[in-house]
Each structure stands twice: as C-alpha cells, then as structure tokens.
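Per our numbering, residue 690 is the first one in the sequence shown, and the count goes up by one each step.
Cβ coordinates follow ideal geometry from the N, Cα and C atoms, glycine included.
Written below as structure tokens is the structure these notes are about.
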Amino acid sequence: MKGRSTLNKALIHVILILVSITMIVPFAWMVLTSFKTVTESTSVNPFTIFPAHWITSNFSEVIKNMDFIHLYINTLLLIVGRVFFAVITEL
C-alpha cells in the first residue's frame with residue numbers, strides 16, 4: 690500500500706513538473722528573444738535559444754517608438770478600475 694502511494698505521488702510530481710515546464714518555456718523564450726537582433730530572432734534556425742550577441746537596445750526602441758508610457762498608464766487605470774469594482778461588488 691505504501692509503495693502504491695509513493696508511486697502515485699511520484700506520478701503527480703512528474704505531471705506537475707511537465708505542466709510547469711510547458712508554462713515556463715514560452716515565457717523564457719520570449720525573454721531571451723527580446724535580447725536578440727531582428728535577424729537573429731526571425732532566423733530559420735529555431736534551435737538557437739540564447740542570443741549570439743546580447744542587446745538591450747530593443748527595450749529603448751519599444752519605449753521610443755511606441756507610446757509605452759501611455760499604454761502603461763492605460764493598464765494602471767484598468768487595474769485600478771477592476772480592483773475598485775471587485776471590492777464594491779464583494780461588499
């Protein structure tokens with residue numbers, strides 16, 4: 690009986706690890722791709738996980754070319770509104 694319980698726990702842990710990996714890998718891929726050049730990130734070879742040259746200029750490009758501050762303020766307003774209405778409706 691104890692062996693079966695240990696096997697069940699091991700199986701549950703394996704499943705949880707696999708689910709965790711499927712959620713972490715796309716996020717890690719996105720973060721690593723943000724440090725690549727445009728050519729490197731759109732290359733045909735998908736197995737280059739780490740960038741050859743780590744660049745941070747992509748972040749300043751986003752802030753310069755997009756109205757990032759405006760988008761950030763909109764997001765904050767949405768969050769504050771949702772929290773406010775969630776608190777009001779739960780009272």
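- Three or more Cβ pairs closer than 8 Å define a contact, and the segment 713-725 meets that threshold against the segment 740-759.
- Setting aside the 5 residues that flank it on each side, Arg693 has no residue in the same chain whose C-beta is closer than 8 Å to its C-beta.
- With a contact defined as Cβ atoms closer than 8 Å, Glu729 and Ala717 miss out at about 16 Å.
- Across the set Ile752, Thr737, Ile758 and Val708, the C-alpha of Thr737 shows the shortest separation from the C-alpha of Met719.
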